[in-house]
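Quick notes on the structure that follows.
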Amino acid sequence: MKSFSLILRNEWRIMIADKSLILVCTLLTLLLSYGFFIGLSEAVSRDERVRELVSQQERGQSGIVEQIQRIVSGHEKPDVFANPLNPALVGSGLGSLYAIMHSGALSPLALGQSDLLPDHYRVSTRNKTTFMYQTENESPWNLLTGRFDPVFVLVYLLPLFIFAISYNLLSSEKEQGTLRMQLSHPVTLQTLMFGKLFARLVPVLGVTILAVIVPFLILRGDAVMVSGQLPHLVVAIIIIGAYGFFWFAVTLFVNSFGFSSASNALILVGTWVFLVLVAPVLLNVFVSRMSPAPSRIELATETRLITIDGLNRYHELLSSDYRHIKDSSMLVPSDGKFEVPERLQAFYLINKAVDEKIETLLGDFESRLRAQQDLVERFGFVSPSVLTYEGLVSLAGTGTRRYQDFKQQVNDYHREWKEFFEPRIMSGQIVTVADFEKLPRFTWQEPDVSILLAGSLAKALQIFLATVVLFALGFMRLAKVDVL
Amino acid sequence: MLKANSLTKNFNSNIALNSVSLSVSQGEIYCLLGANGAGKTTLINHFLGFLKPTSGEVLVNGKCVTSNPLDTKRDIAYIPENVMLYGVLTGLENLEYFSALATGRKKPRDVLRKLLADVGLPAEAAERRVATYSKGMRQKVGITIAMAKNAKALLLDEPTSGLDPKAANEFSRLLKTASENGVAVFTTTHDLFHAKETGNRIGIMRSGSLLAEFNSDDVSHADMESIYLKNMRD
Chain A
1 MKSFSLILRN EWRIMIADKS LILVCTLLTL LLSYGFFIGL SEAVSRDERV RELVSQQERG
61 QSGIVEQIQR IVSGHEKPDV FANPLNPALV GSGLGSLYAI MHSGALSPLA LGQSDLLPDH
121 YRVSTRNKTT FMYQTENESP WNLLTGRFDP VFVLVYLLPL FIFAISYNLL SSEKEQGTLR
181 MQLSHPVTLQ TLMFGKLFAR LVPVLGVTIL AVIVPFLILR GDAVMVSGQL PHLVVAIIII
241 GAYGFFWFAV TLFVNSFGFS SASNALILVG TWVFLVLVAP VLLNVFVSRM SPAPSRIELA
301 TETRLITIDG LNRYHELLSS DYRHIKDSSM LVPSDGKFEV PERLQAFYLI NKAVDEKIET
361 LLGDFESRLR AQQDLVERFG FVSPSVLTYE GLVSLAGTGT RRYQDFKQQV NDYHREWKEF
421 FEPRIMSGQI VTVADFEKLP RFTWQEPDVS ILLAGSLAKA LQIFLATVVL FALGFMRLAK
481 VDVL
Chain B
1 MLKANSLTKN FNSNIALNSV SLSVSQGEIY CLLGANGAGK TTLINHFLGF LKPTSGEVLV
61 NGKCVTSNPL DTKRDIAYIP ENVMLYGVLT GLENLEYFSA LATGRKKPRD VLRKLLADVG
121 LPAEAAERRV ATYSKGMRQK VGITIAMAKN AKALLLDEPT SGLDPKAANE FSRLLKTASE
181 NGVAVFTTTH DLFHAKETGN RIGIMRSGSL LAEFNSDDVS HADMESIYLK NMRD
């Protein structure tokens, strides 16, 4: 132990003298800080956008309420196509409300799916495909797209920094002749290598973890505490720590073969290419083959066919005359009721039919997306990069799973919204001021935190297991190294 | 203190050491002469535990090196032909590290400075990066590390090679002081004069075999040269 700490301190002295440690730590801090800045800017602009939408919505709602009051009191004549008393118009767009999934306190950590999938939908009585499925469905798992956020720095760049500082742990000692000098004293090669390794591991991982934690505590500390996401941050740190340990174990393992510095560098970069670049792509290909991504074209075609079917079925209703345009008195209620134009009733029914008929197709869509995500989680062990990425985006609240949960909740909300308006549309019941207070509102329900944390810890555990195996193999191999 | 019993080392079909037996007792300076490739360094590597014998054994202070690799290293100090140190650290910092590694205890810097001064390293140089040192200066730091270890045996692999005559002479003086203090010294060299002047016992090695062994007092400079050349020619 004495030799270990002696080696550790001597290595620090050397790395401070040759400035390599300072350089690596500074660059890592700068890159992580910049990544955090980008992540934070994205999160802030997303939050601002959502705030703006909510305030627009509130302004719009109070405008409609005031307009209803003016129409009912006879101060204003309603517009044919924007009558706020008409439940078909209010339900299908005029009074539509947003379903919003708020960003998590840790979202600056990883952009994840946040720039690919919507975090809000404007729900109406129209069918789901009109407001929920306009986005790309072909690439639901958009892993490692190279966006510059802290996760990009951690998953992609951290291993390279680790290589830069430790690719020649053993070879440099051999090449400069100091290995013999040291091993002529009562110290084993294992102690020497582990001392040298930890002299790098401690500051590099220390700086990495601090560069992740400190900005969060300073700039998002309140959000983290208020949202109760401190455990998320702790688990994120455990995953980052495990990932860092893993790459240091890889360098020790490669060093333990006693190759030259150049060979070590080549092998390590090859390992990085395979585990960080190739393995996730292979996993993606595998997942796509095992559970093919739902086709957007199939969805669009099916929607079109169902809509055409609806148009044919409700042909008569749609062919109703336009007498309410000429007779504006029809737009004003009498005894709380008025005649909802049949055309609008037909549109509602067509949309309802589309929703009903497409339910199976969309259900299949969602289950295939979930199956893909399940496969990713089951086979994520092929690369610690996949495990780290998946773990961190889940904790940041920008993972696929959370967006899938959001869609599910929006589905339920959509059903609730339609149930609210259907009787009013079909029976010609006007929308009153009191109705606006009773409108169903969406409240985002965060999925079970314990499942998320347990899943993330399981990922960290898998990385740790791989790390332990590599450390053990490296340790055993060092005993066989020819020190000459 | 240092003992090799019928030590044989084969590298595949190549015989590097062929049943070599020798011993160095406390206070004795043993000089092993031989041309390049004779097996001198291979023998030292066995004492250091860097190589495992094909047959036979090497003992340090009565303990087998193969089965007690760490224990035996506590009793020996090693000075290679080229003392390699960390270039970015100063001589003093190198000494501080290596001597602590050797003994498990950190010595005060003043003590270390004095040790460096004793071997003739200028005080100003001790605080300079080793990257700026000459070979002789690095050797001096190597000697200081060995001295700081207070080892029972010294292993030296052609330590005076490349040193100027004055430095080589100072070096011989240091070895004699060590032997007077009861340290067993085992040194390899090409330098017959140095061997005769410094050593108590002299061995001649060729192609992995120890061909001759004698006390330096029993032969003159001229005799030694002829014995050496005779063994090299046969």
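Line order of the protein sequences matches chains A and B. Using the working numbering, the first residue of the first sequence is number 1, and each one after it goes up by one. Using the working numbering, the first residue of the second sequence is number 1, and each one after it goes up by one. C-beta: ideal position from N, C-alpha, C; glycine also. Model, not experiment: these values are computed from the prediction.
Minimum C-alpha distance to residue i - residue among the options
i, options, result
"Gln408 of chain A", "A:Met290, A:Ile100, A:Tyr243 and A:Leu32", "A:Ile100"
"Thr54 of chain B", "B:Thr42, B:Lys63, B:Val60 and B:Ala102", "B:Thr42"
"Ser103 of chain A", "A:Pro87, A:Ser3 and A:Gly39", "A:Gly39"
"Gln345 of chain A", "A:Phe421, A:Gln190, A:Lys128 and A:Val250", "A:Phe421"
"Phe365 of chain A", "A:Val449, A:Leu299 and A:Arg70", "A:Leu299"
"Phe436 of chain A", "A:Ser256, A:Lys480, A:Ile162 and A:Arg59", "A:Arg59"
"Asn127 of chain A", "A:Phe36, A:Asn411 and A:Gln182", "A:Asn411"
"Pro159 of chain B", "B:Cys31, B:Leu17 and B:Thr8", "B:Cys31"
"Ile202 of chain B", "B:Leu85, B:Arg138, B:Gly34 and B:Tyr86", "B:Gly34"
"Lys304 of chain B", "B:Val24, B:Lys140 and B:Arg109", "Lying outside 1 to 234, the shown extent of chain B, residue 304 of chain B is not represented and no answer is given."
"Leu53 of chain A", "A:His232, A:Leu28, A:Ser62 and A:Leu97", "A:Leu97"
"Ile237 of chain A", "A:Asp222, A:Val214 and A:Ala249", "A:Val214"
"Lys357 of chain A", "A:Val386, A:Thr398, A:Gly380 and A:Thr301", "A:Thr301"
Simplified DSSP state of residue i, which is helix, strand or coil
i, result
"Ala82 of chain A", "coil"
"Asn284 of chain A", "helix"
"Asp110 of chain B", "helix"
"Gly142 of chain B", "helix"
"Asn142 of chain A", "Residue placement at Asn142 of chain A is poorly supported in this model, since its pLDDT is 45, which falls under 50; the coordinates are not used for a value here."
"Glu136 of chain A", "Residue confidence for Glu136 of chain A is low, a pLDDT of 49 falling below 50, so the modelled location carries little weight and cannot support an answer."
"Ala151 of chain B", "coil"
"Arg126 of chain A", "coil"
"Gly270 of chain A", "helix"
"Lys133 of chain B", "First, the residue type needs correcting, since residue 133 of chain B is Tyr and not Lys in the sequence shown. Three-state result, Tyr133 of chain B: coil."
"Tyr156 of chain A", "helix"
"Ile29 of chain B", "strand"
"Lys77 of chain A", "coil"
"Ala117 of chain B", "helix"
"Leu392 of chain A", "helix"
Bounding residues of the alpha helix (DSSP H) (the contiguous stretch that carries residue i)
i, result
"Val433 of chain A", "Val433 to Lys438"
"Asp374 of chain A", "Glu342 to Phe379"
"Leu27 of chain A", "Ser20 to Val72"
"Val202 of chain A", "Leu189 to Leu219"
"Asn36 of chain B", "First-last for Asn36 of chain B: undefined, no H or E at that position."
"Thr307 of chain A", "Arg296 to Arg313"
"Ser172 of chain A", "Ser171 to Gln176"
Residue j beta carbon less than 8 Å from that of residue i
i, j, result
"Ser99 of chain B", "Ile145 of chain B", "yes"
"Gly56 of chain B", "Asn5 of chain B", "yes"
"Ser184 of chain A", "Thr251 of chain A", "no"
"Leu117 of chain A", "Tyr403 of chain A", "yes"
"Ile267 of chain A", "Val276 of chain A", "no"
"Leu453 of chain A", "Val235 of chain A", "yes"
"Gln526 of chain A", "Thr388 of chain A", "In the structure as shown, chain A begins at 1 and stops at 484. Residue 526 of chain A is therefore absent and cannot be evaluated."
"Ala117 of chain B", "Ala148 of chain B", "no"
"Thr178 of chain A", "Met84 of chain B", "yes"
"Tyr86 of chain B", "Ile14 of chain A", "yes"
"Leu150 of chain A", "Leu21 of chain A", "The identity of residue 150 of chain A in the sequence shown is Pro, whereas the question assumes Leu. No, the pair does not count as a contact, with Cβ atoms beyond the cut-off."
"Tyr156 of chain A", "Ile463 of chain A", "no"
"Ile7 of chain A", "Thr188 of chain A", "no"
"Gly181 of chain B", "Glu28 of chain B", "Reading the sequence as shown, one finds Asn at residue 181 of chain B and not Gly. No; because the gap between Cβ atoms is not below 8 Å, this pair is not in contact."
Segment limits, beta strand (DSSP E) that includes residue i
i, result
"Gly203 of chain B", "Arg201 to Arg206"
"Ala454 of chain A", "Segment Val449 to Leu478 is the alpha helix (DSSP H) holding Ala454 of chain A; no beta strand (DSSP E) there."
"Glu213 of chain B", "Ser209 to Asn215"
"Ala100 of chain B", "Taken as a continuous stretch (DSSP letters only), Ala100 of chain B belongs to no beta strand (DSSP E), being part of the alpha helix (DSSP H) at Gly91 to Thr103."
"Lys3 of chain B", "Leu2 to Phe11"
"Ile79 of chain B", "Ile76 to Ile79"
"Asn18 of chain B", "Asn14 to Val24"
Alpha carbon of residue i to alpha carbon of residue j, nearest angstrom
i, j, result
"Pro341 of chain A", "Gln373 of chain A", "45 Å"
"Lys418 of chain A", "Ile425 of chain A", "10 Å"
"Val88 of chain B", "Ala17 of chain A", "6 Å"
"Pro78 of chain A", "Arg70 of chain A", "9 Å"
"Ser216 of chain B", "Leu155 of chain B", "19 Å"
"Val185 of chain B", "Glu124 of chain B", "30 Å"
"Leu115 of chain B", "Pro186 of chain A", "21 Å"
"Arg138 of chain B", "Val130 of chain B", "7 Å"
"Ser139 of chain A", "Ser172 of chain A", "Because Ser139 of chain A sits at a pLDDT of 45, beneath the cut-off of 50, its placement in the model cannot be relied upon, and the following sentence gives the value as read from the coordinates. Their Cα atoms are separated by approximately 45 Å."
"Leu144 of chain A", "Glu66 of chain A", "For Leu144 of chain A, the predicted model reports a pLDDT of 45, less than 50, meaning its position is unreliable and no value from the coordinates is stated."
"Ser179 of chain B", "Met193 of chain A", "35 Å"
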